[in-house]
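Peer 1: Throughout the sequence shown, residue numbering follows our numbering, covering 10 to 334 in sequence. Glycine residues also receive a C-beta, built at the ideal position from the N, C-alpha and C atoms.
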Amino acid sequence: MLKRMALSDVGPTARLAARILCGRMRRRHHHTGTVVRLMADARDEQVSAMAEATLAESWTSDPRAPDRIWAALVDRPKPALRFLLAPAPDCPHEPRVRLVTAPPSDGRVLRAALDSPDPDLREAMAGVLRATDHPDLLGDLDQALSDDDGAMPPQAVLALAQDNPHLCQPAPVSVFHAGLAVVPILKGRLDLLDSYDPASLVPTLARVAGGPFPARAVEACRQRLRALGPGPAREVLCVLAIEGDTEALAAVTDSGQEPESPSLVPLFLFRTEQWERYDALDPDGTLLDKHSAGFDEDVLIELTAIAERNGRRGPNPPPIPLTGF
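(1) Can you check DSSP and say which residues form a bridge with I118?
(2) Out of L210, G240, P239, state which residue places its alpha-carbon closest to the alpha-carbon of R231.
(3) Taking 7 Å as the cut-off, is the C-beta of L237 nearer than that to any heavy atom in the ligand GTP?
(4) Within this structure, are the beta carbons of H40 and L30 separated by less than 8 Å?
(5) Can you give me the C-alpha to C-alpha distance between P292 and P275, rounded to a whole angstrom?
(6) Quick check on the burial criterion: 16 or more other C-beta atoms within 10 angstroms. Buried or exposed for P328?
(7) Under 6 Å Cβ to Cβ from P241, same chain only, skipping five residues before and after it: list those, please.
(8) If I follow the unbroken alpha helix (DSSP H) through Q152, where does it start and stop?
(9) On a Cα-Cα basis, can you pick out the residue from D203, T295, R139, R286 that is closest to L237?
(10) Provide the residue(s) that pair with V106 in DSSP beta bridges, ordered along the chain.
(11) From P212, G219, P239, pick the residue whose C-alpha is nearest to that of G264; which is it?
(12) How would you call A224, buried or exposed, if buried means at least 16 neighbouring beta carbons within 10 angstroms?
(13) Pick out whichever of W79, L119, L47 has its Cα sitting closest to the Cα of A168.
(14) When DSSP labels each residue in this structure, what does E267 get in the three-state scheme?
(15) Go ahead and pull the three-state DSSP assignment for S301.
(16) Kindly list the residues whose CB is nearer than 7 Å to the CB of L214, restricted to its own chain and excluding five residues on each side of it in sequence; keep chain order.
(17) With distances taken Cα to Cα, identify the nearest neighbour of K299 among N325, A74, E311, P72.
The structure is reproduced here in C-alpha cells:
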C-alpha cells in the first residue's frame, strides 16, 4: 500500500508514504529496491528527490550499500547514470562523481564497462575506468589483467588500462598489483617496473613475452626474465617453468637459472630434462614423489608425459592423508 501511494500519488500522501519507506531502508536494507524504484518511477518529483537523497546518504555511510544499490540500479540505465555520475566535488579520487566515492565491489564497474547490454551505461563505466585513480577500481583492472582464465576479454581490459593516465607511473595501487605493469611495459617505460615487487612482476613479464604484443615489449620482457638475480623472483620463474609456461621454460634454459629452494630442484631438473643432474640428486625418484604432491593435475600430467617420452619413471605423489577420523 505504501509503495503504491508513493509511486502513483502526488502530494502530501505520496511524500508521507515515501518518507516512511525511506526510513525503513535506513534500518533494513531489503527496502533498497523499493527506494530505487521511487527515485526512478515516482510521479511526484519531491518523492524522487527524497529517494535519491536517501540512497546517496546510504551510499557513503553504509559500506554495504553500494553493492545493494548497484544491484537494484543496474537494470535501469538512465536512473543509474543519473545517480552514479552525480557530481561529488569532495571525492578524493578521479573522476569526482558519486560512483567513485565508494565503488561497488567484485569488479562490478569493470563488468558493466565490458558487458552491459546498454551502450550508454557501458560507455559511461568505461569512461570512469579510463579516468580513475581509485585503488579499488584500479585493483579490478589489475585482477583482470592478471587472470588467464578468459573470464574477461583481456584486450578490452588492456585498452581501458592503456587509456588511463594514472597507470603509466610507479605502482599506482601497491607493489604487488603487478598486472598493471603491462601498461608501462607497452608504453616503453621500463624504468617504472622497479617500483613493483620483483616476484609479483614475473608472471606479467612472462605473459607479455608470450602474448600478441609489439616486438619491442616482448623482447624487453624476455631480457628481463633472463637477467633475474637470486631471490623470490627467480623462484617464481622456476615455478612457472615447472608448470609449463613456455616463456619461463625458455628463460631458464637460455640463462641457466635454477631454483634455490631444495623442494623445487628435483621437479625443476625433471621438468627441464636435465637428466644427469636429476639422477645424481634423486636416483630412486623419492624426492620427485614427495615434492610433486603440491602441484595440480595438469602439472602432473605434463611430468608424466615427459617421463614416458624419455622412458623414465614418472611422479607418484603420496596420497593426501585423511583427517577428521
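Peer 2: So, from the listed chains and residues:
(1) According to the sequence provided, residue 118 is Val. The question's Ile does not apply to it. Looking at the DSSP assignment, V118 forms no beta bridge with any residue, so it has no partner.
(2) L210
(3) In terms of ligand content, the structure shown is empty, and the ligand GTP therefore cannot be addressed.
(4) yes
(5) 10 Å
(6) exposed
(7) A208
(8) 144-155
(9) D203
(10) P96
(11) Just to set this straight, residue 264 is Ser in the shown sequence, not Gly. Taking only the C-alpha atoms, the option nearest S264 is P239.
(12) exposed
(13) L119
(14) coil
(15) coil
(16) C230, R233, L234
(17) N325
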